[in-house]
Structure formats: structure tokens, C-alpha cells
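One structure is given here, and the rest of the page talks about it.
The structure is reproduced here in C-alpha cells:
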């Protein structure tokens with residue numbers, strides 16, 4: 208937790224790669240103004256043209272103040288467009304289809320907002336090159352999905368960072384936005400994805416057959 212009570216991806220800004228200086232507590236109003244300015248400018252200029260100097264001017268602060276809080280544009284945009292979203296573990300309703308549909312809907316709503324759709328292509332590219340933002344993205348997508356999968360006798364494969372469900376659902380959403388930015392992520396899409404997953408997950412996985 209930062210000196211003004213803000214957390215980033217479950218970690219302090221300093222441990223997550225943000226720069227936290229000693230001295231007086233940070234002004235949380237600057238954080239909020241920068242986040243708001245980032246969201247506004249993403250929709251106006253797109254991700255590639257977005258600059259920290261433009262964000263600072265819109266927020267009424269300086270680029271130095273931004274760098275004291277975030278390591279760079281990718282980390283700032285990640286927090287601005289995804290910080291309010293996380294993969295929430297659906298309650299165990301006893302109905303496989305209902306639980307999986309709730310999960311699909313959660314991930315859909317995480318990405319189906321204008322600022323996320325606009326930022327995602329460039330942000331994904333920068334995330335690959337930034338270990339800090341990469342770890343934050345993985346942690347956000349993984350959530351508690353390992354526990355969710357265990358309800359159905361599933362488990363994470365080997366040393367994979369993401370559970371299979373996160374790869375399938377979030378990966379499909381991201382690919383859909385990257386390839387067709389205006390493609391609908393509506394109730395029909397949620398239903399189709401739910402049916403696709405439920406057909407495979409409606410019963411526990413079969414034990415692997417021993418090779419002869």
C-alpha cells in the first residue's frame with residue numbers, strides 16, 4: 208500500500224515498479240486526476256499517441272509527479288483502464304453452467320469498455336516488454352481461477368502462470384478485440400462461450416490412459 212493508501216495489483220507502487228520517494232505523503236488527488244486524464248486521452252488520441260506530457264497537462268501536474276507514481280506509460284494505462292476490474296470467483300451455485308457463465312460474464316465486462324478496447328492492442332505489446340506490467344496483468348487475469356477450476360476436478364497445467372479458463376476466455380476476448388476492434392461482446396457471445404466451455408467441463412476429466 209502506498210503512502211496515500213493506493214495499491215497496485217495487490218502490491219505497493221514501489222514493489223510493483225512505481226517510484227515512491229521518501230518525504231511527505233503523496234497527494235491522492237493527483238493520482239485521481241492522472242487516472243482520469245489517462246482514461247480521457249486514451250479515448251481521444253488512442254494508445255500509441257498517448258504521452259505522459261499530455262496526461263500531465265490534462266491532469267494539472269508534471270511528468271515528474273507521474274514518474275514518482277508509475278514506472279511509465281504502460282503501467283499507468285494498465286492501472287487506469289484495468290485497476291477497477293479483477294476476475295472474481297463466482298459463488299458455487301451447484302450448477303456448472305451457471306457458474307461458468309458468471310465467470311465468462313465477469314471477464315467479458317472486464318474488457319468490454321471503450322477505454323480498454325482502445326488501449327488493449329498497444330498495451331498488450333508493451334506488456335510483453337515490461338516485466339512489471341506483465342506480472343500485474345497475469346495476476347489480474349489469474350485471480351482465484353485455480354480454486355474455481357478445482358471445483359470441477361481440474362488443475363493448472365505444470366508451471367503455467369494462468370489457469371486454462373483464463374487462457375480460453377480472456378484469450379478469446381483479447382484476440383477478438385485485436386482482430387476486430389468493433390466486434391460485439393454481448394449476451395450472445397457470453398452464451399456461446401459458456402456452451403463451448405460447459406460441454407467440456409460438465410463432467411470431471413478422464414484419467415489419462417496408460418501407454419503400452
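Numbering (our numbering), first residue to last: 208 to 419. Each residue gets a CB set at the ideal place from its N, CA and C atoms; glycine is no exception.
- Please report how far the alpha carbon of residue 400 lies from the alpha carbon of residue 240, in whole angstroms. By one-based count along the chain shown, residue 400 stands at place 193. By one-based count along the chain shown, residue 240 stands at place 33. Cα-Cα distance, rounded: 37 Å.
- Message: To the nearest angstrom, how far is the alpha carbon of residue 329 from that of residue 237?
- Response: Locating residue 329 in the chain shown gives position 122, where the first residue counts as 1. Locating residue 237 in the chain shown gives position 30, where the first residue counts as 1. Using only the alpha carbons, I get a separation of about 25 Å.
- Item | residue 261 versus residue 249 - alpha carbon distance | Here the question's residue 261 lines up with position 54 in the chain shown. Here the question's residue 249 lines up with position 42 in the chain shown. Approximately 11 Å between the Cα atoms of the pair.
- Message: Among the candidates 278, 281, 234, whose CA atom is the shortest distance from the CA of residue 267?
- Response: As a first step, residue 267 must be located in the chain shown, where it is residue number 60. Nearest C-alpha to residue 267: 234.
- Message: Let's test the definition: count the other Cβ atoms within 10 Å of the Cβ of residue 402 and tell me whether it reaches 16, buried, or not, exposed.
- Response: Mapped onto the chain shown, residue 402 falls at position 195. By the neighbour-count rule (16 or more Cβ atoms within 10 Å), residue 402 is not buried but exposed.
- Query: Is residue 372 near the ligand ATP, judged by its Cβ being under 6 Å from some heavy atom?
  - Reply: This structure lacks the ligand ATP; in fact it carries no ligand of any kind.
- Message: By the three-class DSSP mapping on this structure, what secondary structure does residue 252 have?
- Response: Mapped onto the chain shown, residue 252 falls at position 45. When DSSP states are grouped into helix, strand and coil, residue 252 belongs to the helix group.
- Query: Do the segment 367-385 and the segment 343-357 touch if we need at least three Cβ pairs shorter than 8 Å?
  - Reply: yes
- Item | Among 298, 253, 303, 302, the one whose alpha carbon lies nearest that of residue 280 | The residue labelled residue 280 in the question sits at position 73 within the chain shown. Nearest option by C-alpha distance: 253.
- The alpha helix (DSSP H) with residue 304 in it runs from where to where? Locating residue 304 in the chain shown gives position 97, counting from the first residue. 303-318 is the span of the alpha helix (DSSP H), which, as asked, contains residue 304.
- Helix, strand or coil for residue 387, going by three-state DSSP, please let me know. The residue labelled residue 387 in the question sits at position 180 within the chain shown. In the structure shown, residue 387 sits in coil (DSSP, three-state: anything other than H, G, I, E or B).
- Message: Using C-beta distances below 7 Å, list every residue in its chain close to residue 255, excluding the 5 sequence neighbours before and after it, in chain order.
- Response: Here residue 255 refers to the residue found at position 48 of the chain shown. Taken in chain order, the residues that qualify are 329.
- Task: Note the first and the last residue of the continuous alpha helix (DSSP H) segment covering residue 439.
- Result: Residue 439 is absent from the structure shown; the chain starts at 208 and stops at 419.
- Return helix, strand or coil for residue 267, following the three-state DSSP convention. What you label residue 267 is simply residue 60 of the chain shown in a count that begins at 1. Here residue 267 sits in coil by DSSP.
- Nearest CA to the CA of residue 334: which residue from 247, 278, 392? Locating residue 334 in the chain shown gives position 127, counting from the first residue. Looking at 247, 278, 392, the one whose alpha-carbon comes closest to that of residue 334 is 278.
- Nonlocal neighbours in the same chain, by C-beta distance under 7 Å from residue 287, ignoring five residues either side: Translated into the one-based positions of the chain shown, residue 287 becomes position 80. Excluding sequence neighbours, residue 287 sits near 242, 245, 246.
- Message: Can you tell me whether residue 387 is buried or exposed? The criterion is at least 16 other CB atoms within 10 Å of its CB, across all chains shown.
- Response: Numbered from 1 along the chain shown, position 180 holds the residue referred to as residue 387. It counts as exposed.
- Query: In chain order, what residues of the same chain lie with their CB nearer than 7 Å to the CB of residue 264, ignoring the 5 residues before and after it?
  - Reply: Position 57 of the chain shown, counted from the first residue, corresponds to residue 264. For residue 264, where only same-chain residues beyond five positions count, there are no Cβ hits under 7 Å.
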